[in-house]
């Protein structure tokens with residue numbers, strides 16, 4: 095079987111699903127929301143190395159895909175939270191399996207060196 099014929103056999107639904115949940119930070123955002131509704135700052139605390147702008151963009155994308163719902167409470171001040179829809183919640187088993195796989199097979203990322211550590215390394 096040639097590479098081009100095997101590639102054509104992939105289901106377009108599978109391809110789209112991988113593109114959506116495999117986008118940087120999307121899986122981690124979904125994982126954070128599996129614990130229940132979260133405010134923006136609570137999600138950001140779970141997702142390392144993401145800017146507010148990038149988190150906002152990912153949440154909008156996940157909302158557009160029907161995986162996340164944005165809930166605005168008309169309080170003073172206004173309270174905004176995010177939660178999984180039924181569609182998003184249906185990913186829980188798949189995400190849990192990826193998490194189990196990662197615990198066994200993926201080494202934790204090394205922490206980024208701080209600016210002062212980089213400067214010290216250059217001077218050494």
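In this note's numbering, the protein residues as written are 95 to 218.
We put the CB at the ideal spot given by N, CA and C, even for glycine.
1. Can you tell which of 150, 141 and 200 has its C-alpha closest to the C-alpha of residue 174?
2. Alpha carbon to alpha carbon, what distance is there between residue 135 and residue 168?
3. Give the C-beta separation of residue 176 and residue 127 to the nearest angstrom, bearing in mind that I take them to be a contact with Cβ-Cβ under 8 Å.
4. If we define contact as Cβ-Cβ less than 8 Å, is residue 165 a contact residue for chain C?
5. From the DSSP output, in three-state form, read off residue 124 for me.
6. Is it the case that the CB of residue 120 approaches a heavy atom of the ligand ATP more closely than 7 Å?
7. Restricting to Cα atoms, I'd like to know which of 170, 178, 193 and 159 is closest to residue 132.
To lay it out plainly:
1. One-based indexing of the chain shown puts residue 174 at position 80. Closest by alpha carbon: 150.
2. The residue given as residue 168 occupies position 74 in the chain shown. The residue given as residue 135 occupies position 41 in the chain shown. If I take the Cα positions, the gap works out to 18 Å.
3. What you label residue 176 is simply residue 82 of the chain shown in a count that begins at 1. What you label residue 127 is simply residue 33 of the chain shown in a count that begins at 1. Sure, about 6 Å apart at Cβ, within 8 Å.
4. In the displayed structure, chain C is absent; only one protein chain is listed.
5. As a first step, residue 124 is located in the chain shown; it is residue number 30 there, counting from the start. Residue state, collapsed to three classes: helix.
6. Inclusion of the ligand ATP in the displayed structure is not the case, the ligand content being empty and no account of it being possible.
7. Walking along the chain shown from the start, residue 132 turns up at place 38. With distances taken between Cα atoms, residue 132 lies closest to 178.
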